[in-house]
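S.K.: In order, the protein sequence lines correspond to chains A and B. Residue numbers for the first sequence follow the working numbering, so the first one is 1 and each next one is one higher. Residue numbers for the second sequence follow the working numbering, so the first one is 1 and each next one is one higher. Got a structure for you, questions after.
Protein chains: 2
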Amino acid sequence: MDRLKTYRLKELDDTGLDRICRRPRIDLESLVTKVRPILEDVRRDGDAAIRRYTKKFDGIDLRDIVVDPESLDVTLPDEEKHALDIAMRNVHRFHREQMSMNLEVETMPGVTCSRVIRPIEKVGLYVPGGSAPLPSTAVMLGVPALTAGCETIILATPPDRNGSVPPAIAYVAQKIGAKKILLAGGAQAIAALAWGSESVPGVDKLFGPGNQYVTAAKMLLQNSEAMVSIDLPAGPSELLIIADETADPDFVAADLLSQAEHGPDSQVVLAAVSGFDLEELETALERQLGELPRVSIATDALAHSFIVLADRVEEALDFSNRYAPEHLILNCRNAVELMDRVEHAGSVFLGGWTPESLGDYASGTNHTLPTYGYARMYSGVSLSSFQKSITFQEATPDGLKHIGPTVETLAGMEGLDAHRLAVSRRLEKLNNG
Amino acid sequence: MDRLKTYRLKELDDTGLDRICRRPRIDLESLVTKVRPILEDVRRDGDAAIRRYTKKFDGIDLRDIVVDPESLDVTLPDEEKHALDIAMRNVHRFHREQMSMNLEVETMPGVTCSRVIRPIEKVGLYVPGGSAPLPSTAVMLGVPALTAGCETIILATPPDRNGSVPPAIAYVAQKIGAKKILLAGGAQAIAALAWGSESVPGVDKLFGPGNQYVTAAKMLLQNSEAMVSIDLPAGPSELLIIADETADPDFVAADLLSQAEHGPDSQVVLAAVSGFDLEELETALERQLGELPRVSIATDALAHSFIVLADRVEEALDFSNRYAPEHLILNCRNAVELMDRVEHAGSVFLGGWTPESLGDYASGTNHTLPTYGYARMYSGVSLSSFQKSITFQEATPDGLKHIGPTVETLAGMEGLDAHRLAVSRRLEKLNNG
Numbered sequence: 001m002d003r004l005k006t007y008r009l010k011e012l013d014d015t016g017l018d019r020i021c022r023r024p025r026i027d028l029e030s031l032v033t034k035v036r037p038i039l040e041d042v043r044r045d046g047d048a049a050i051r052r053y054t055k056k057f058d059g060i061d062l063r064d065i066v067v068d069p070e071s072l073d074v075t076l077p078d079e080e081k082h083a084l085d086i087a088m089r090n091v092h093r094f095h096r097e098q099m100s101m102n103l104e105v106e107t108m109p110g111v112t113c114s115r116v117i118r119p120i121e122k123v124g125l126y127v128p129g130g131s132a133p134l135p136s137t138a139v140m141l142g143v144p145a146l147t148a149g150c151e152t153i154i155l156a157t158p159p160d161r162n163g164s165v166p167p168a169i170a171y172v173a174q175k176i177g178a179k180k181i182l183l184a185g186g187a188q189a190i191a192a193l194a195w196g197s198e199s200v201p202g203v204d205k206l207f208g209p210g211n212q213y214v215t216a217a218k219m220l221l222q223n224s225e226a227m228v229s230i231d232l233p234a235g236p237s238e239l240l241i242i243a244d245e246t247a248d249p250d251f252v253a254a255d256l257l258s259q260a261e262h263g264p265d266s267q268v269v270l271a272a273v274s275g276f277d278l279e280e281l282e283t284a285l286e287r288q289l290g291e292l293p294r295v296s297i298a299t300d301a302l303a304h305s306f307i308v309l310a311d312r313v314e315e316a317l318d319f320s321n322r323y324a325p326e327h328l329i330l331n332c333r334n335a336v337e338l339m340d341r342v343e344h345a346g347s348v349f350l351g352g353w354t355p356e357s358l359g360d361y362a363s364g365t366n367h368t369l370p371t372y373g374y375a376r377m378y379s380g381v382s383l384s385s386f387q388k389s390i391t392f393q394e395a396t397p398d399g400l401k402h403i404g405p406t407v408e409t410l411a412g413m414e415g416l417d418a419h420r421l422a423v424s425r426r427l428e429k430l431n432n433g
Numbered sequence: 001m002d003r004l005k006t007y008r009l010k011e012l013d014d015t016g017l018d019r020i021c022r023r024p025r026i027d028l029e030s031l032v033t034k035v036r037p038i039l040e041d042v043r044r045d046g047d048a049a050i051r052r053y054t055k056k057f058d059g060i061d062l063r064d065i066v067v068d069p070e071s072l073d074v075t076l077p078d079e080e081k082h083a084l085d086i087a088m089r090n091v092h093r094f095h096r097e098q099m100s101m102n103l104e105v106e107t108m109p110g111v112t113c114s115r116v117i118r119p120i121e122k123v124g125l126y127v128p129g130g131s132a133p134l135p136s137t138a139v140m141l142g143v144p145a146l147t148a149g150c151e152t153i154i155l156a157t158p159p160d161r162n163g164s165v166p167p168a169i170a171y172v173a174q175k176i177g178a179k180k181i182l183l184a185g186g187a188q189a190i191a192a193l194a195w196g197s198e199s200v201p202g203v204d205k206l207f208g209p210g211n212q213y214v215t216a217a218k219m220l221l222q223n224s225e226a227m228v229s230i231d232l233p234a235g236p237s238e239l240l241i242i243a244d245e246t247a248d249p250d251f252v253a254a255d256l257l258s259q260a261e262h263g264p265d266s267q268v269v270l271a272a273v274s275g276f277d278l279e280e281l282e283t284a285l286e287r288q289l290g291e292l293p294r295v296s297i298a299t300d301a302l303a304h305s306f307i308v309l310a311d312r313v314e315e316a317l318d319f320s321n322r323y324a325p326e327h328l329i330l331n332c333r334n335a336v337e338l339m340d341r342v343e344h345a346g347s348v349f350l351g352g353w354t355p356e357s358l359g360d361y362a363s364g365t366n367h368t369l370p371t372y373g374y375a376r377m378y379s380g381v382s383l384s385s386f387q388k389s390i391t392f393q394e395a396t397p398d399g400l401k402h403i404g405p406t407v408e409t410l411a412g413m414e415g416l417d418a419h420r421l422a423v424s425r426r427l428e429k430l431n432n433g
């Protein structure tokens, strides 16, 4: 294929495989240099700094940077409301099933341990703007936050050209019970959510994808005095497709392009199993590319994307596990039977009738997913991202008699006498009492 | 009380409360300046750099920095083995119950979403040394890693004076099936686990408490090209005790001291509810302090610890939630009934017979917990810390017909035509086929 670099998997050694799995490098140091002053300005000057950056970067001079969602009169076509409603319902259905039960275990006679799940109190959801507002991200972050029971949901999104909240975002903000909308984007919005300002309440945890400045801001803030955690490090979006001879090249081409149109830094990989029709794919790709409005973005993304050739689907899956893609489409025979072999991926799309778009918008799974190979150790956003757990334990006097000697021995081994004595003094009183 | 600063809660406004809740500041910038060169040396020079730093900081010249646990002949008194066995059993009992079930939800007719839990493949467990080896940390990290099914467990701990693995750590390493033990401590050990070296396999996730250099190393590495995540930011240990008139001052004094002996930077807070005998406490504290070998550490810790006076237990709990302590002892009447009111805490100890030591060693809960106020948004280490989840979705042709129009509308709203077309091209073929 002319447009995409092609490698035969069995001709690559470990070094070669690692090389093609490596994502385009982000220069974090230079990002940090740009982002840090923004974070510090917002920390110091609050609302004034946010206004200043919104004017500078978005060209909008805002008086009120924070809006009460309930005050907004949302005008949106019924068809769009309906589509958002269905997406919210599906996301709710899948996420509510993720509720972990509280737990109680008697680990020894008289010693009971329990775990209680609590919603994180204040969460900040960043919904990027860009070429168009992205209500789907508001759905993907807002619905689990509401389902988890977070008390304060603050949504941040860049203002539209009129300095207003885009109607579809406003619609979702109302449905998820967001307390406030911060009309700001980029690192300045993230900083406002983390530090708080005169009009923005600081939050406990930051969520949401964004450009590289947003990502750098989140990473810096999670290590700062702002006392804030983040959902996951998010980079440019990625898709790996495994296609065998049963895959329709038209669909594979459409899926590759759906990922490529995200941005020029998106990465698209096709693992073609022997028998898949690559010539047909090339024809389909060129034809479909010509039909796309975002053709130049997609072309740029394809320029650093590639094809790997596999003899068997297992070989393709091994490569996928090494790559650890954000999105994985298994467009091959008996896709469901391959689930067990997927070790590292954010979200997986099974069979020929499940394009990635379904998960991006409405199937019910979350679209905030680990990129860059982080699927090895991070999960996508889920209900538990909006929760924390607290453990409890209680010993009865008899329980203390059972467990006490063990604790005394272990504390003694570590030379922590006061730890030991906290038990011994009690046992003494029990035995004398 | 002479030794501890005392505040009456109702005389403090928000600013005053926030001030006493603030932990002693860590100067992260100066730490970073010290730690970064270590991380870079280890990245560049691998084993040689690790050896160099072990010689420099621990005064030990090691030939083999990595040991196979199975090769070790462990000599440990039976009583100590037995105590470690009981701790491991209890931790296993509590953590195995945390296993989340795989999940399958049909969100719309023909659209099935599922979630599968997978162990994180390679984990690195840091077990600090210090004045004595801490086998309890090996238990608290190793048992959940084993329970989760992590394939490669690497344990790192500083060598003892003879350049060997402390026997109690070796015993636990064998029991949890650790693949290797890295005999190194501090930032150099963390760097080795993250970057990997000639003899240390790089891991996916870093676990474990440690001194401020270890914490700084973990925080820097989670934002680096090492592609590694961390359990949670951990600072100096903390304890808040709520004691009412039913609390035995002897026990309260013992618990305060058990926390204070951890280190001079440990923080201890007593919220005394009206009726608790503070004079008795003072007497007990002075008497017990005199009996402690680590008296100077405990005295230093007590110097920046304090008492708050509350009229009612609810007032004390409100303060505790603001402080968000790592450990919370509820030494008061009907402690179990107060569980629902605990909003922010790492682990909670209920009633007069449950000293913190139980959870530190053997009750079954994890002792790796959020400090510094991070209990607002982080959980302690749990089974899920060693797991990740992957979501899957599958649409049947009928399912695609149901969900397709919703996705087409939403993709259209966001101006992502290729996303829309990935659905439309399939629907077209279905309708014509």
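Glycine included, every Cβ here is placed at the ideal spot set by N, Cα and C.
Among B:L39, B:R22 and B:R96, which has the Cα closest to the Cα of G364 (chain B)?
M.R.: B:R96
S.K.: Identify which residue in A:F392, A:I190, A:R376 and A:S357 has its Cα closest to the Cα of L358 (chain B).
M.R.: A:F392
S.K.: So, with DSSP's three-state summary, where would you put M108 (chain A)?
M.R.: strand
S.K.: Shortest alpha-carbon distance to H92 (chain A) belongs to which of A:L317, A:V143, A:I153 and A:G351?
M.R.: Closest option to H92 (chain A), judged by alpha-carbon separation, among A:L317, A:V143, A:I153 and A:G351: A:V143.
S.K.: Look up A243 (chain B) in the DSSP assignment and say whether it is helix, strand or coil.
M.R.: strand
S.K.: Evaluate A303 (chain B) with the Cβ neighbour count: other Cβ atoms within 10 Å of its Cβ, from every protein chain shown; 16 or more gives buried, anything less gives exposed.
M.R.: exposed
S.K.: Helix, strand or coil for Q435 (chain B) per DSSP?
M.R.: Absent from the structure is residue 435 (chain B), since the part of chain B shown begins at 1 and ends at 433.
S.K.: Please identify the residue among A:A173, A:P24, A:L17 and A:D318 whose C-alpha is closest to the C-alpha of E70 (chain A).
M.R.: Out of A:A173, A:P24, A:L17 and A:D318, A:A173 has the C-alpha closest to the C-alpha of E70 (chain A).
S.K.: Helix or strand or just coil, what does DSSP make of Y378 (chain A)?
M.R.: coil
S.K.: Hey, is T366 (chain B)'s beta-carbon within less than 9 Å of any beta-carbon in chain A?
M.R.: Note that residue 366 (chain B) corresponds to Asn in the displayed sequence, not to Thr. Judged by the 9 Å Cβ criterion, N366 (chain B) is in contact with chain A.
S.K.: If G208 (chain B) sits next to L141 (chain B), beta carbons under 8 Å apart, how far is it from one beta carbon to the other, in whole angstroms?
M.R.: 6 Å
S.K.: Expressed to the nearest angstrom, what Euclidean distance is found between the alpha-carbon atoms of R89 (chain B) and K81 (chain A)?
M.R.: 53 Å
S.K.: For K180 (chain A), which three-state DSSP category applies?
M.R.: strand
S.K.: In terms of alpha-carbon separation, which member of A:I169, A:Y126, A:F94 and A:D18 lies closest to V74 (chain A)?
M.R.: Of the candidates A:I169, A:Y126, A:F94 and A:D18, the one whose C-alpha sits nearest the C-alpha of V74 (chain A) is A:I169.
S.K.: Measuring only the C-alpha atoms, how far is I60 (chain B) from D231 (chain B)?
M.R.: 29 Å
S.K.: Work out the CA separation of P135 (chain A) and S320 (chain A) for me, nearest whole Å.
M.R.: 30 Å
S.K.: Counting only beta-carbon separations shorter than 9 Å, does T292 (chain B) have a partner in chain A?
M.R.: Note that residue 292 (chain B) is Leu in the sequence shown, not Thr. Closer than 9 Å to some Cβ of chain A, the Cβ of L292 (chain B) qualifies, so yes.
S.K.: Does any CB atom of chain B fall closer than 9 Å to the CB of K388 (chain A)?
M.R.: yes
S.K.: Check whether chain B comes within 9 Å of K175 (chain A), counting only Cβ atoms and requiring the distance to be less than that.
M.R.: no
S.K.: Taking 9 Å as the CB-CB cut-off, is Y378 (chain B) touching chain A?
M.R.: yes
S.K.: For G346 (chain B) and L338 (chain A), what's the separation of their Cα atoms in angstroms?
M.R.: Taking the CA atoms as reference points, G346 (chain B) sits about 39 Å from L338 (chain A).
S.K.: For L155 (chain A), return the contacting residues in chain B, with the cut-off set at a CB-CB distance below 9 Å.
M.R.: Near L155 (chain A) there are no residues of chain B at all, since even the closest Cβ is about 17 Å away, more than 9 Å.
S.K.: Going by the DSSP bridge assignment, what does A301 (chain A) pair with across the sheet?
M.R.: DSSP, once it has assigned bridges, lists no residue as partnering A301 (chain A).
S.K.: From the beta carbon of F251 (chain A), is the nearest beta carbon of chain B less than 9 Å away?
M.R.: yes
S.K.: Tell me which residues of the segment 302-334 of chain A have at least one Cβ-Cβ distance to chain B shorter than 8 Å, keeping chain order.
M.R.: none
S.K.: Assign L129 (chain A) to buried or exposed, taking buried as 16 or more other Cβ atoms, counted over all protein chains shown, within 10 Å of its Cβ.
M.R.: In the sequence on display, residue 129 (chain A) carries Gly and not Leu. It is buried - the Cβ of G129 (chain A) has at least 16 other Cβ atoms within 10 Å.
S.K.: Assess, as a yes-or-no matter, whether the segment 307-322 of chain A is touched by the segment 8-17 of chain A under the definition of 3 or more beta carbon pairs within less than 8 Å.
M.R.: Because the criterion of three Cβ pairs below 8 Å is met, the segment 8-17 of chain A and the segment 307-322 of chain A touch.
S.K.: Rounding to the nearest angstrom, what Cα-Cα distance links I190 (chain B) and Y361 (chain B) in this structure?
M.R.: 24 Å
S.K.: Could you pull the start and end residues of the alpha helix (DSSP H) that A48 (chain B) belongs to?
M.R.: D47 to Y53
S.K.: Just checking, does the segment 242-255 of chain B make contact with the segment 273-281 of chain B on the three C-beta pairs under 8 Å criterion?
M.R.: The segment 242-255 of chain B and the segment 273-281 of chain B touch, with no fewer than 3 CB-CB distances between them shorter than 8 Å.
S.K.: Does DSSP put F306 (chain A) in a helix, in a strand, or in coil?
M.R.: strand
S.K.: Which residues bound the beta strand (DSSP E) around Q267 (chain B)?
M.R.: Q267 to V273
S.K.: Using 8 Å for Cβ pairs, my map puts V200 (chain B) next to I154 (chain B). What's the rounded Cβ distance?
M.R.: 7 Å
S.K.: At a Cβ threshold of 9 Å, is E394 (chain B) touching chain A?
M.R.: yes
S.K.: Classify S384 (chain A) as helix, strand or coil using the three-state DSSP reduction.
M.R.: helix
S.K.: Do you know offhand how far V35 (chain A)'s Cα is from Y213 (chain A)'s?
M.R.: 6 Å
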